[in-house]
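First the structure, in the form of structure tokens, and then the observations on it.
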Amino acid sequence: MPRSDTTGPDHRLVATRTYGARSGKETFRPLFQSRVPAGFPSPADDHVETTLDLSTALIQNEEATFFVRVAGSSMTEAGIHDGDILVVDRSIEPDAGSVVVAALDGELTVKRYEVRSGSHYLVPEADGYDPIPVRDGQELVVWGVVRHVVHEVS
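The C-terminal residue of the sequence shown carries number 154 in full-length UniProt numbering, and the numbering is unbroken.
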């Protein structure tokens, strides 16, 4: 099922670096159960109620999970930005509407997978980008479903 995006570099996911989810020492950090207000903080909420290991929180199936860094801006309305790291699970079967990392004719991309009237599409989520139909004779290989996005706040 792969389909490569040949409409421009902003549609492509550059997989120059993929990272496997490796087991190792768990690193637990404090997790505050109270929400952080966007207004004035409450001193009464200054206590830790539990801890959180990000590997456990972000990775459902360790052996089927990989990380990949995004290049481009075709998925910004889905909250996926240039430079973000995607947590991708290969064990999840993509449904219509899933955000997937896929190869179309051998070229990687991250898009929303949709089926319309029996036809398959890779759909960007940003202005100025058109849905990419998967045509007869093209090979679309879904590498996995995006489970989480790690986004750096500047």
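For every residue, glycine included, the Cβ atom is placed at its ideal position computed from N, Cα and C. Predicted, not measured: the structure shown is a model, and the values here were computed from it.
Residue interval of the beta strand (DSSP E) (run including T109): 107-116
Where the beta strand (DSSP E) through A103 begins and ends: Start and end: 99-104.
Alpha-carbon to alpha-carbon, R69 and V153: Their backbone Cα atoms lie some 15 Å apart in a straight line.
Beta-carbon proximity list for V115, same chain, < 8 Å, skipping 5 on both sides: A96, Y121
Same chain only: Cβ atoms within 8 Å of P133, ignoring 5 sequence neighbours per side: S119, H120, Y121
Segment contact, 8 Å Cβ cut-off, at least three pairs: the region 140-148 with the region 80-90: Touching, yes.
Residue from T50, G79, S55 with nearest C-alpha to V99: Among T50, G79, S55, the Cα nearest to that of V99 belongs to G79.
Close-in-space but distant-in-sequence residues of the same chain around A126 (CB under 7 Å, 5 per side omitted): Within the same chain, A126 has close Cβ partners S73, S74, M75, T76, E77.
Beta-carbon contacts of G144 that lie in its chain and below 6 Å, excluding the five residues immediately before and after: Result list for G144: V88, D89, R90, V101, in chain order.
Proximity of V141 and Y113 at Cβ, strictly below 8 Å: no
Where the beta strand (DSSP E) containing S154 begins and where it ends: Per DSSP, S154 belongs to no beta strand (DSSP E) and is neither H nor E.
Assigned secondary structure, S55 (DSSP; H/G/I helix, E/B strand, else coil): helix
N- and C-terminal bounds of the beta strand (DSSP E) containing R69: 65-69
Sequence-distant residues of its chain with Cβ nearer than 6 Å to I92 (five each side left out): V145
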